[in-house]
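Residue 77 in the UniProt record's numbering sits at position 77 of the sequence shown; the count goes up by one each step and never skips.
Just so it is clear, CB atoms sit at the ideal spot from N, CA and C, and this is done for glycine as well.
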Amino acid sequence: MTHIVGFEETNLVGNVYFVHYFRWQGRCREMFLMEHAPDVLDEIHRDLKLFTIKCECEYFAELTAFQPLTIRMTLIDLTQTQIEFGFAYLGINDQTGGEHLVARGRQRVACMRANGTRVEPTRVPESLRRALEPYAEPGPRGTDRRPVTARRPD
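Right, here's the structure in full:
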């Protein structure tokens, strides 16, 4: 996802207020669903719930108003009922177009379904599993994960 930082996202010091990094994680995840798994959005309108159960971010450099930014989302972990995403926040150099890491984040989501007045864990929808496969980070996988055969796009 690409983004240009606005004044409303900065604090009195002039750098991006930390909470916006978390907002960008949510927006990136939403845009991914819209583009790669739109049927999951239909399920969300019915009874599927995607609860964020953990969210974190490490900051390495500051961003200020009107800086262009790329947010890259990857799949870190996929279990029967949960997904963990990784986020790389990359500042873009206006002159060279090169990118540099300004922050790194993670988000864990649990899939739940409404059942009357309760919500209960449910399996990650199959279409979402398929959509996430190309974005899996390389490396060891948990025993509860499906094998990933596709490579993450650059």
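Measuring only the C-alpha atoms, how far is residue i from residue j?
| i | j | result |
| --- | --- | --- |
| Gly91 | Gly116 | 45 Å |
| Leu69 | Arg23 | 14 Å |
| Met31 | Glu84 | 16 Å |
| Pro147 | Cys28 | Low confidence applies to Pro147: its pLDDT is 39, below 50, so where it sits in the model is not reliable enough to give any reading. |
| Leu50 | Val13 | 34 Å |
| Ser127 | Ala136 | 15 Å |
| Glu9 | Ala103 | 15 Å |
In chain order, what residues of the same chain have a beta carbon less than 7 Å from the beta carbon of residue i, not counting five sequence neighbours either side?
| i | result |
| --- | --- |
| Asp144 | Per-residue confidence for Asp144 stands at a pLDDT of 42, beneath the threshold of 50, marking its modelled position as unreliable; no derived number is given. |
Would you grab the beta carbon distance between residue i and residue j for me? Rounded to a whole angstrom, and I think it's under 8 Å.
| i | j | result |
| --- | --- | --- |
| Pro125 | Met112 | Their Cβ separation, rounded to whole angstroms, is 12 Å, which puts Pro125 and Met112 out of contact at 8 Å. |
Within a Cβ cutoff of 8 Å, which residues of the same chain sit near residue i, ignoring the five residues on either side of it in sequence?
| i | result |
| --- | --- |
| Asp154 | Legend: pLDDT at Asp154 = 44, less than 50; position of this residue unreliable, value from coordinates given subsequently. Here the set comprises nothing. |
| Phe18 | Cys57 and Tyr59 |
Following the continuous alpha helix (DSSP H) through residue i, name the residue where it begins and the one where it ends.
| i | result |
| --- | --- |
| Ala131 | Glu126 to Leu132 |
Going along the chain, which residues of its own chain have a beta-carbon closer than 6 Å to the beta-carbon of residue i, five neighbours each way excluded?
| i | result |
| --- | --- |
| Leu132 | Leu75 |
| Arg72 | Ala88 |
Have a look at the DSSP bridge pairing and note the partners of residue i.
| i | result |
| --- | --- |
| Cys55 | Gln107 |
| Tyr89 | Ile71 and Ala103 |
| Glu120 | Arg113 |
What are the boundary residues of the beta strand (DSSP E) that residue i is part of?
| i | result |
| --- | --- |
| Thr2 | Thr2 to Ile4 |
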